[in-house]
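S.K.: In this note's numbering, the protein residues as written are 770 to 1125.
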């Protein structure tokens, strides 16, 4: 294990011990999951919280709003940095109740739960219960994909559905830790684009694939719900040290998650939605080259001049990005581009793209 990971583990253990001594208890922060009638992928995290803090006021409240037909009270908007001030609990025992069946699982070194359990569920959205070893419970929505479905949507988040103007790490940290989440703006027309894509089949699976930290998932969930994006599963990452280095690779995270979806759903062809900054064109084109039977179309939002400068340090798409877009088209994968969702809706209409 990399020494940075050992250092993080030692620090987390020391902090957890001190907070436990003050009476803090283990809570479960639920994330929307997905699966098939035979299995589901359970996503959650265990954290410590003071006993006087009710579950609905935890920093993690809100991630579940990204999934299913949310009928609960909307969690209040907060500054995103609050979600990073948590003490994870490694090796915590969590009971996952799916219907009448209980699965007993254990979190990893970061307090995360990412495991597949056997189920017998009908297609559609379901709610599962997660109970911590201290008795705290949380509910997580899970989308069960109909085996007859042949199309799904995977979408990037930053600069695709939300305007973040993500620049170099220092300003990115400003957006992540300081800027109030109510100040975040939806990319114009993008909710309408998703509505158009799902018009023929509203129950198609939707997943939001981001290089953002899981700590930001609650803010992302609230944002998606507030701006009427379709419900879906969040696939985010951990910014902390790994067994091999200081930080995880966001690009590898996206590639690995796409490959996993292609394997788990071999009969589904995916519409990949992203932007032409950073790595989306290369990642999506690589998926189209390696797995052409799994990619139905690639939709890219074109960043503005200023957004390109902030995102990549260049005034326009990188050479690699342009080449990637051409490579995807060469694989007979439909590639549509536009400066916002409204333009992409027109492109979708012109291409007569219908998802069923």
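For every residue, glycine included, the Cβ atom is placed at its ideal position computed from N, Cα and C.
Can you name the start and end residues of the beta strand (DSSP E) that residue 814 belongs to?
M.R.: Working through the chain shown from its first residue, we reach residue 814 at position 45. Residues 808-818.
S.K.: Taking all protein chains shown into account, decide if residue 810 is buried (16 or more other Cβ within 10 angstroms of its Cβ) or exposed.
M.R.: Looking up residue 810 in the chain shown gives position 41. Under this definition residue 810 is a buried residue.
S.K.: Taking residue 834 as part of the beta strand (DSSP E), name the residues at either end of that continuous run.
M.R.: Within the chain shown, numbered from 1, the residue matching residue 834 stands at position 65. Here residue 834 belongs to no beta strand (DSSP E), and DSSP marks it neither H nor E.
S.K.: Under three-state DSSP, which class holds residue 1062?
M.R.: Along the chain shown, one-based indexing puts residue 1062 at 293. Three-state result, residue 1062: helix.
S.K.: Return yes when the Cβ of residue 859 is within less than 8 Å of the Cβ of residue 870, no when it is not.
M.R.: Reading the chain shown from its first residue, position 101 is the one you call residue 870. Reading the chain shown from its first residue, position 90 is the one you call residue 859. It is not a contact, given that the beta carbons lie outside the stated cut-off.
S.K.: Could you tell me whether the Cβ atoms of residue 813 and residue 1003 are closer together than 8 Å?
M.R.: Working through the chain shown from its first residue, we reach residue 813 at position 44. Working through the chain shown from its first residue, we reach residue 1003 at position 234. No.
S.K.: Report yes if the CB atom of residue 977 is closer than 8 Å to the CB atom of residue 896, and no otherwise.
M.R.: Here residue 977 refers to the residue found at position 208 when the chain shown is read from its first residue. Here residue 896 refers to the residue found at position 127 when the chain shown is read from its first residue. No, the Cβ-Cβ distance between residue 977 and residue 896 is not below 8 Å.
S.K.: To the nearest angstrom, report how far apart residue 914 and residue 1001 are at their CA atoms.
M.R.: As a position in the chain shown, residue 914 is number 145, starting the count at 1. As a position in the chain shown, residue 1001 is number 232, starting the count at 1. Rounded to the nearest angstrom, the two C-alpha atoms are 11 Å apart.
S.K.: Who are the near neighbours of residue 937 in its chain, counting only those whose CB is closer than 6 Å to its CB and skipping five residues on each side?
M.R.: The sequence position of residue 937 within the chain shown is 168, counting from 1. Any reading at residue 937 is ruled out, since the residue's pLDDT is 46, under 50, leaving its predicted position unreliable.
S.K.: Return the bridge partner residues of residue 800 from the DSSP annotation.
M.R.: Position 31 of the chain shown holds residue 800. 812, per the DSSP bridge assignment.
S.K.: Going straight from the alpha carbon of residue 1062 to that of residue 982, what length do you get?
M.R.: The sequence position of residue 1062 within the chain shown is 293, counting from 1. The sequence position of residue 982 within the chain shown is 213, counting from 1. The straight-line gap from Cα to Cα measures roughly 30 Å.
S.K.: Would you report the Cα separation of residue 931 and residue 1026, rounded to the nearest angstrom?
M.R.: If you number the chain shown from 1, residue 931 lands on position 162. If you number the chain shown from 1, residue 1026 lands on position 257. Near 21 Å, if we compare the C-alpha coordinates of residue 1026 and residue 931.
S.K.: Going by DSSP, name the residue or residues bridged to residue 1119.
M.R.: On the chain shown, position 350 is the one that residue 1119 refers to. Paired residues: none, contrary to the question.
S.K.: Roughly how many angstroms lie between the CA atoms of residue 1053 and residue 1097, to the nearest whole one?
M.R.: Here the question's residue 1053 lines up with position 284 in the chain shown. Here the question's residue 1097 lines up with position 328 in the chain shown. Straight-line Cα distance between these residues: approximately 8 Å.
S.K.: Are three or more beta carbon pairs between the stretch 813-823 and the stretch 897-909 nearer than 8 Å?
M.R.: The stretch 813-823, when compared against the stretch 897-909, does touch it at the 8 Å Cβ threshold.
S.K.: When you compare only the Cα positions, how much space is there between residue 1024 and residue 801?
M.R.: Taking the chain shown and counting its residues from 1, one reaches residue 1024 at position 255. Taking the chain shown and counting its residues from 1, one reaches residue 801 at position 32. The alpha-carbon atoms of residue 1024 and residue 801 are separated by roughly 20 Å.
S.K.: Going by CA-CA distance only, name the one from 929, 879, 865 and 920 that's closest to residue 902.
M.R.: Translated into positions along the chain shown, residue 902 becomes position 133. With distances taken between Cα atoms, residue 902 lies closest to 865.
S.K.: Who are the near neighbours of residue 1032 in its chain, counting only those whose CB is closer than 6 Å to its CB and skipping five residues on each side?
M.R.: Indexing the chain shown from 1 puts residue 1032 at position 263. Answer for residue 1032: no residue qualifies.
S.K.: Since residue 912 sits in a beta bridge, which residues does DSSP pair it with?
M.R.: Here residue 912 is taken as the residue at index 143 of the chain shown, counted from 1. Answer is 803 and 894, bridged to residue 912.
S.K.: Give the single residue among 928, 879, 795 and 892 whose Cα lies nearest to the Cα of residue 1044.
M.R.: Stepping through the chain shown from its first residue, residue 1044 is reached at position 275. Residue 928 is the option with its Cα nearest to residue 1044.
S.K.: Smallest Cα separation from residue 893: which of 1039, 972, 1112 and 1022?
M.R.: On the chain shown, position 124 is the one that residue 893 refers to. Out of 1039, 972, 1112 and 1022, 972 has the C-alpha closest to the C-alpha of residue 893.
S.K.: Please report the straight-line C-alpha distance between residue 1015 and residue 1065, rounded to a whole angstrom.
M.R.: Taking the chain shown and counting its residues from 1, the one referred to as residue 1015 is at position 246. Taking the chain shown and counting its residues from 1, the one referred to as residue 1065 is at position 296. Its pLDDT being 45, under 50, residue 1015 is placed unreliably by the model, and nothing is read from it.
S.K.: State yes or no: is the C-beta of residue 824 within less than 8 Å of the C-beta of residue 796?
M.R.: Translated into positions along the chain shown, residue 824 becomes position 55. Translated into positions along the chain shown, residue 796 becomes position 27. Closer than 8 Å, so yes.
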